[in-house]
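Residues in the sequence shown are numbered from 6 upward in steps of one, following this note's numbering.
All C-beta atoms in this analysis are idealised placements derived from N, C-alpha and C, irrespective of residue type, glycine included.
Please read these numbers as outputs of a predicted model, since none were measured by experiment.
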Amino acid sequence: MGGEHGGVGGTITLSEASRFGSSTAFSLMLKPVGSRCNLRCSYCYYLDKSCIYGGREPLMSLALLERCIRDFCESCDLPELTIEWHGGEPLLAGMDFFRSALAFERKYSRGRPVHNTLQTNGTLLNAEWASFFHDNNFLIGLSLDGPEDVHDRFRHTVSGGGTFRSVMHGLEALHRGRVEFNTLTTISKAGEDRGADVYRFLKSAGSRYMQFMPVYEYLSAGHIAPSSDMEAVIAPWSVEPEAFGRYLCDVFDEWVKENVGRYFVLTFDAALSSWCGVQPGICTFCESCGGNLTVEHNGDIYPCDHFVYPQWRLGNIQDISLREASTSQRLAAFGTAKRNLLPETCLRCPWRHACNGGCPKHRPPHDVSALCSGYTAFYSHVAPCMEKMRSLLLSGRAPSEICLSENRNSL
Numbered sequence: 006m007g008g009e010h011g012g013v014g015g016t017i018t019l020s021e022a023s024r025f026g027s028s029t030a031f032s033l034m035l036k037p038v039g040s041r042c043n044l045r046c047s048y049c050y051y052l053d054k055s056c057i058y059g060g061r062e063p064l065m066s067l068a069l070l071e072r073c074i075r076d077f078c079e080s081c082d083l084p085e086l087t088i089e090w091h092g093g094e095p096l097l098a099g100m101d102f103f104r105s106a107l108a109f110e111r112k113y114s115r116g117r118p119v120h121n122t123l124q125t126n127g128t129l130l131n132a133e134w135a136s137f138f139h140d141n142n143f144l145i146g147l148s149l150d151g152p153e154d155v156h157d158r159f160r161h162t163v164s165g166g167g168t169f170r171s172v173m174h175g176l177e178a179l180h181r182g183r184v185e186f187n188t189l190t191t192i193s194k195a196g197e198d199r200g201a202d203v204y205r206f207l208k209s210a211g212s213r214y215m216q217f218m219p220v221y222e223y224l225s226a227g228h229i230a231p232s233s234d235m236e237a238v239i240a241p242w243s244v245e246p247e248a249f250g251r252y253l254c255d256v257f258d259e260w261v262k263e264n265v266g267r268y269f270v271l272t273f274d275a276a277l278s279s280w281c282g283v284q285p286g287i288c289t290f291c292e293s294c295g296g297n298l299t300v301e302h303n304g305d306i307y308p309c310d311h312f313v314y315p316q317w318r319l320g321n322i323q324d325i326s327l328r329e330a331s332t333s334q335r336l337a338a339f340g341t342a343k344r345n346l347l348p349e350t351c352l353r354c355p356w357r358h359a360c361n362g363g364c365p366k367h368r369p370p371h372d373v374s375a376l377c378s379g380y381t382a383f384y385s386h387v388a389p390c391m392e393k394m395r396s397l398l399l400s401g402r403a404p405s406e407i408c409l410s411e412n413r414n415s416l
């Protein structure tokens, strides 16, 4: 499945966020197999995209792959480039496909480094894939929702079986192959009251870089629908907003005791960045969005993989360049709507600097985020610690020193 942008690319530190500034305006996500996947996770927001493109088994052609990479390299002026590979399950494209991608990157990058990140469900990982990723410096994002009973609640095989053990075999392959990875953990009905347990499990599994993503989807006529669909109802696997807030607070309390600077949680890094007046490095909490262009297997361009709907299609890469798409009025309108349509409640909120209304996919028209109560509880809870870490940074000290303070306070 897809994920929040910024997570699979590694946790963004304050110094990195400050250095790159608005560089995410030209990030690129490629979906070489579209929504095709070897799993049938109940909550996946992307499986339904097959309705847009028909029931075929999509695969980006090598000619189109070359065009995408050449266009990106020509359109992006950054000294270093990053391509995010998403699905569906991108490993279904096959290793030869990615070998071709690397060859095209070398051909068109004009000597600039190209960083490749890939989000996978982990069930197809083996020693051969691990060796390939290690040798070619891929950063892997692994979908892992927690212990077996939590993970297997909604993450199923096509036949309905659990996937936990296959994922753990894949994780072991990454460890053995010394592949850099981080974990993407969804917060759904399955584990909404297990935040601390899940966090401790992820640490025991060897994850040092973690992203927690809320599952909150809408259904219309049995299909995933945007929040703007007035006929849509909340999907039964969606996390309760208040439970989402408690989950984040429980994880934070575990982390801040002794893990600051040793383990990295994207939401916490983003919050600290916001407290320090630095761009958070994750689009969810930025003032505007639309800087993460997504290209489907057939070349269709969208402003975000959470908005792959016909009404948001920007064009096709065979007809317009990525530069044209990224500077188009349609994309500008999409991006600024996040800020310009904030309701009065958000404008007066003390946590606006950190939240900025959250992801637009969770915001019904002219309303606050469906997860507002959860975010409010989270920011209220972490504010004192964020202030302390900000003070430490401003005095030239490490934020990890807060662990000593928190441990003293708990005695």
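Beta-carbon proximity list for residue 211, same chain, < 7 Å, skipping 5 on both sides:
Beyond the five residues adjoining it in sequence on each side, residue 211 comes within less than 7 Å, by CB distance, of 180 in the same chain, given in chain order.
Span of the beta strand (DSSP E) around residue 146
Run containing residue 146: 144-148, per the beta strand (DSSP E) assignment.
Which stretch, first to last residue, makes up the alpha helix (DSSP H) that contains residue 246?
246-263
Counted within 10 angstroms of its Cβ, other Cβ atoms place residue 404 as buried (16 or more) or exposed
buried
Segment contact flag, the segment 31-39 with the segment 59-77, C-beta cutoff 8 Å, min 3 pairs:
yes
C-alpha distance - residue 138 paired with residue 156, whole-angstrom precision
Spanning the two alpha carbons is a distance of roughly 25 Å.
Residue burial classification, residue 243 (beta-carbon count within 10 angstroms, cutoff 16):
It is buried - the Cβ of residue 243 has at least 16 other Cβ atoms within 10 Å.
Measure from the alpha carbon of residue 153 to the alpha carbon of each residue in 202, 52, 132, then state which is nearest.
202
Tell me, please, which residues DSSP counts as bridged to residue 218.
191
Can you give me the C-alpha to C-alpha distance between residue 234 and residue 225, rounded to a whole angstrom?
8 Å
Looking at C-alpha atoms only, which residue of 170, 276, 47 is the closest neighbour of residue 160?
Nearest C-alpha to residue 160: 47.
Beta-carbon spacing of residue 344, residue 292 below 8 Å:
yes
For the beta strand (DSSP E) holding residue 123, just list the boundary residues, first then last.
Per DSSP, the continuous beta strand (DSSP E) segment holding residue 123 begins and ends at 119-125.
Measure the CB-CB distance between residue 219 and residue 377 and report whether it falls below 8 Å.
no
Which class does residue 235 belong to by DSSP, given the choice of helix, strand or coil?
coil
Let me make sure I understand the geometry here. Which of 191, 227, 177 has the alpha-carbon closest to that of residue 209?
177
Exposed or buried, which one is residue 112 when buried takes at least 16 other CB atoms within 10 Å?
exposed
Which residues in the same chain as residue 362 place their Cβ atom closer than 7 Å to its Cβ, once the five residues preceding and following it in sequence are excluded?
Result list for residue 362: 343, 347, 351, 368, 374, in chain order.
Rounding to the nearest angstrom, what Cα-Cα distance links residue 286 and residue 274 in this structure?
9 Å
Terminal residues of the beta strand (DSSP E) in which residue 87 lies
From DSSP, the beta strand (DSSP E) with residue 87 extends over 86-90.
If you drop the 5 nearest sequence neighbours on each side, which residues of the same chain put their C-beta closer than 8 Å to that of residue 27?
Residue confidence for residue 27 is low, a pLDDT of 36 falling below 50, so the modelled location carries little weight and cannot support an answer.
Top-ranked residue by Cα proximity to residue 419, from 147, 371, 336, 358
Coverage of the chain is limited to positions 6 through 416, which leaves residue 419 absent and any answer about it impossible.
CB contact check: residue 400 to chain C, cutoff 8 Å
Protein chain content of the structure displayed is limited to a single chain, and chain C is not contained in it.
Enumerate in chain order the residues of its own chain whose CB-to-CB distance from residue 306 is below 8 Å, with the five nearest sequence positions on each side excluded.
298, 299, 300, 318, 319, 320, 321, 322, 325, 327, 330
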